[in-house]
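In our numbering, the protein residues as written are 1 to 92.
Ideal Cβ placement from N, Cα and C applies to all residues, glycine included.
Just so we're clear, the structure is a prediction, and the values are computed from it rather than from any experiment.
Worksheet: the structure to be examined is printed underneath.
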């Protein structure tokens with residue numbers, strides 16, 4: 001996997017807080033609401049992942065055990081997750 005450091009940091013956080021065998025989106029949102037500096041870094045890295053779009057659905061699955069059929073489907077989910085976590089959108 002060849003991703004930049006910010007993408008890797010975000011992916012590592014998603015493995016811990018959003019992987020297939022751990023927390024779900026509501027618990028991740030609680031962590032974000034409760035953790036100041038970490039939450040700011042997580043959001044900044046999440047914004048970076050969405051802007052750069054260099055991470056593939058396959059790479060995400062390898063790290064989190066959550067699969068998507070296509071990169072388009074993956075980024076659609078990430079946009080919805082971002083909206084849920086940071087803009088009071090519905091849970092994806």
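With a threshold of 16 other beta carbon atoms within 10 Å, residue 38 falls short and is exposed. For residue 72, the uninterrupted alpha helix (DSSP H) run begins and ends at 71 to 87, by DSSP. Secondary structure remark: continuous alpha helix (DSSP H) runs of at least 4 residues inside the stretch 2 to 34, in chain order: 5 to 18, 25 to 34. In this structure, the straight-line span from the alpha carbon of residue 51 to that of residue 5 is close to 14 Å. Residue 50: member of the alpha helix (DSSP H) spanning 36 to 52, first to last residue.
DSSP places residue 65 outside both helix and strand once states are collapsed to three, so it counts as coil. Distance from the CA of residue 59 to the CA of residue 70, rounded to the nearest whole angstrom, comes to 12 Å.
Contact annotation, residue 78 with residue 28: C-beta distance approximately 12 Å; criterion of less than 8 Å not satisfied.
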